[in-house]
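Asker:
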Ligand SMILES: Nc1ncnc2c1ncn2[C@@H]1O[C@H](COP(=O)(O)OP(=O)(O)OP(=O)(O)O)[C@@H](O)[C@H]1O
Ligand SMILES: [Mg+2]
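Chains as they are written, first to last, in the working numbering: chain A, -7 to 272; chain B, 19 to 285.
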């Protein structure tokens, strides 16, 4: 059996000694190349899980393994952070340099990559997020979506295997959100990078290959978007919504129409409506 | 915001002076300042003026840029001149108006010290006009790095300056936003006594500080996630290189020294 890429084993985390558990008895294995959406209402512990994944926090109980390396073992700390990159919510608070190119270089500089190797790596990373033309611009002049793509490029330059994005789209407008999600999906598809996508937007989660739901620090649902979102009542119990089309399917079913309960996308719904119209 | 405020005074063109190694440029500016102090008489400023004119030409800077750099100091300049002129010592009286007397020595000093101030300012703005602040920071870091042996935090200092430069526009934008929000609720930042205006700033500064601290926490996390662990073992994208043009610049300052010292002795 191949080893999971990310493995959380009965992880517990408390911010203060004897305080409430922000994450409690949380177990999740993520395989290489998966795109997992992590959902949960405010304060359910998603960001805490994210920070446990690259050793920013070490678990109070249980173990977190990244490519088999335990985050509690301090000899692996930097190797883990190199392999598991992190994109945060606020685009302004994660850019270090005053020029895009220099910001992408930041991680490389920290890793001690030889100066003469950097320009080629930086150009490749910027091309991968479609930001090659912005290399010499000042980050504060860019849009939110562009800033987040710069942040992704800064991580890509370090050649990671895993990228964790903690509500990377929360502060963006719809087009910026689409840019960033599209970038993450493409990197997952083309470069096989494992992605953990934390979000509050159900339509984003619908495009992942797996959905994990947190509630009060615990993992409460785990499955394909279809499996998870078709359980509308359960999802709502965890104070989440379902994607718009699933909601519509649910409403139609409540009114006695026989549409499939797990419709996720607009084309699927269109097909269902056509099918019903045909039967009627 | 038309101009990028993180560039400070920087005049973004390309020239041999812009391309000099920032470390050499900083050292040359210091050498130039010392040189200005070595001048013994107003006439001795001739080679200094000639050198600056040449450097300005080499840097492709418009002369009016250089003169503009004098603006903030005009009051100080007038003070220097007037004080030396009217309250100078010496016996050779040129003019007397009541208790004010202008002596020959006073006039001499007024001209001498004003010229000194002018050339000091122009000389140092040549550095800031041709070097972006971030490059200047890199140069400073490299220059003070030998002090690391006595535990001087050279890298940390430079990192602080870089981050400060990076966050100036972000915080300025935020301050602007908060100010507009407070004005919309009736806050008045522009009128009233000094005390009233200072008080009006409190509702601006408090949220600004709160957000700055939150940003600092976020940034620290982001930097750590990207494997930042201090200056140890760190490489740089831009390596500072000293080349032929830098040594030529050093040679030019050596010539200036020779001329100034000779003039101080024989003229
Ligand atoms: N620095 C901290 N110190 C103490 N408690 C914290 C800290 N950060 C988070 N918590 C608590 O831990 C719990 C989980 O927080 P976390 O930020 O992981 O939730 P989240 O799912 O990311 O929420 P959101 O959707 O709002 O981002 C919350 O109850 C929160 O109050
Ligand atoms: Mg969060």
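Even for Gly, the Cβ is constructed at its ideal location relative to N, Cα and C.
Go through its chain and collect everything with a Cβ distance to residue 21 (chain B)'s Cβ below 8 Å, but skip five positions before and after it.
Answerer: Per-residue confidence for residue 21 (chain B) stands at a pLDDT of 49, beneath the threshold of 50, marking its modelled position as unreliable; no derived number is given.
Asker: Since residue 80 (chain A) meets chain B, which of its residues come closer than 9 Å, beta carbon to beta carbon?
Answerer: Correct list: 236, 239, 240 and 243.
Asker: For a contact meaning CB atoms closer than 7 Å, what does residue 187 (chain B) contact in chain A?
Answerer: Within chain A, the residues near residue 187 (chain B) are 132.
Asker: Have a look at residue 23 (chain A) and residue -1 (chain A) and give me their C-alpha separation to the nearest angstrom.
Answerer: Approximately 9 Å, taken between the alpha carbons.
Asker: I want to verify the contact list: residues of chain B whose CB lies under 9 Å from the CB of residue 176 (chain A), in sequence order.
Answerer: Those within 9 Å of residue 176 (chain A) in chain B number zero; the least Cβ separation is about 16 Å.
Asker: In whole angstroms, give me the CA-to-CA distance for residue 74 (chain A) and residue 78 (chain B).
Answerer: In a straight line, the C-alpha of residue 74 (chain A) is about 44 Å away from that of residue 78 (chain B).
Asker: In or out: residue 55 (chain B) buried (at least 16 other Cβ within 10 Å) or exposed?
Answerer: Residue 55 (chain B) should be labelled exposed.
Asker: Flag residue 94 (chain A) as yes if its beta-carbon sits less than 9 Å from any beta-carbon of chain B, otherwise no.
Answerer: Yes, its Cβ sits closer than 9 Å to a Cβ of chain B.
Asker: Ignore the nearest five residues each way along the sequence and tell me which others in residue 220 (chain A)'s own chain have a CB closer than 6 Å to its CB.
Answerer: If we look at residue 220 (chain A) and ignore the five residues flanking it on each side, its Cβ neighbours are 203 and 213.
Asker: Residue 199 (chain A) and residue 171 (chain A) - do their beta-carbons sit closer together than 9 Å?
Answerer: Result no, Cβ atoms of residue 171 (chain A) and residue 199 (chain A) do not sit closer than 9 Å.
Asker: Strictly below 9 Å CB to CB, what residues from chain A border residue 152 (chain B)?
Answerer: Per Cβ cutoff of 9 Å: 89, 90, 91 and 94.
Asker: Check residue 210 (chain A) in the structure and name its three-state DSSP category.
Answerer: DSSP places residue 210 (chain A) in strand when its eight states are reduced to three.
Asker: Residue 83 (chain B) and residue 34 (chain B): beta carbons closer than 9 Å?
Answerer: It is not a contact, given that the beta carbons lie outside the stated cut-off.
Asker: Can you tell me the Cβ-Cβ gap for residue 286 (chain A) and residue 190 (chain A), rounded? I've got them flagged as a contact below 8 Å.
Answerer: For chain A, the structure presents residues -7 to 272; residue 286 (chain A) sits outside this window and is missing.
Asker: My assumption, with CB atoms under 8 Å, is that residue 96 (chain A) sits in contact with residue 118 (chain A). Please give the rounded CB distance.
Answerer: Their Cβ separation, rounded to whole angstroms, is 6 Å, which keeps residue 96 (chain A) and residue 118 (chain A) in contact under 8 Å.
Asker: In chain B, which residues lie less than 8 Å from residue 84 (chain A) when you measure between Cβ atoms?
Answerer: Residues of chain B passing the Cβ test: 188 and 233.
Asker: Between the beta-carbon of residue 143 (chain A) and the beta-carbon of residue 79 (chain A), is there less than 9 Å?
Answerer: Yes, the pair counts as a contact, with Cβ atoms nearer than the cut-off.
Asker: Less than 9 Å between the beta carbons of residue 40 (chain A) and residue 59 (chain A), yes or no?
Answerer: No, the pair does not count as a contact, with Cβ atoms beyond the cut-off.
Asker: Consider the Cβ of residue 259 (chain A): report whether some Cβ of chain B lies at a distance smaller than 9 Å.
Answerer: No, because no Cβ of chain B sits closer than 9 Å to the Cβ of residue 259 (chain A).
Asker: Evaluate the contact criterion for the region 124 to 131 of chain B versus the region 52 to 67 of chain B: three or more CB pairs, one atom per stretch, below 8 Å.
Answerer: Touching, yes, given that three or more Cβ pairs across the two stretches are closer than 8 Å.
Asker: Is there at least one non-hydrogen atom of ligand 2 closer than 8 Å to the beta-carbon of residue 169 (chain B)?
Answerer: No, ligand 2 has no heavy atom inside 8 Å of this Cβ.
Asker: Is the Cβ of residue 66 (chain A) closer than 9 Å to any Cβ of chain B?
Answerer: By this cut-off, residue 66 (chain A) is not an interface position.
Asker: Using DSSP with H/G/I as helix, E/B as strand and the rest coil, what is residue 184 (chain A)?
Answerer: DSSP places residue 184 (chain A) in coil when its eight states are reduced to three.
Asker: Could you check whether the Cβ of residue 190 (chain A) sits closer than 8 Å to any heavy atom belonging to ligand 1?
Answerer: The answer is yes for residue 190 (chain A).
Asker: Give the secondary structure of residue 217 (chain B) by DSSP, where H, G and I count as helix, E and B as strand, and everything else as coil.
Answerer: Residue 217 (chain B): helix per DSSP, three-state reduction.
Asker: Quick check on DSSP: helix, strand or coil for residue 199 (chain B)?
Answerer: If DSSP states are grouped into helix, strand and coil, residue 199 (chain B) belongs with the helices.
Asker: Does the distance from the C-beta atom of residue 160 (chain B) to that of residue 258 (chain B) stay below 9 Å?
Answerer: Yes. Within cutoff.
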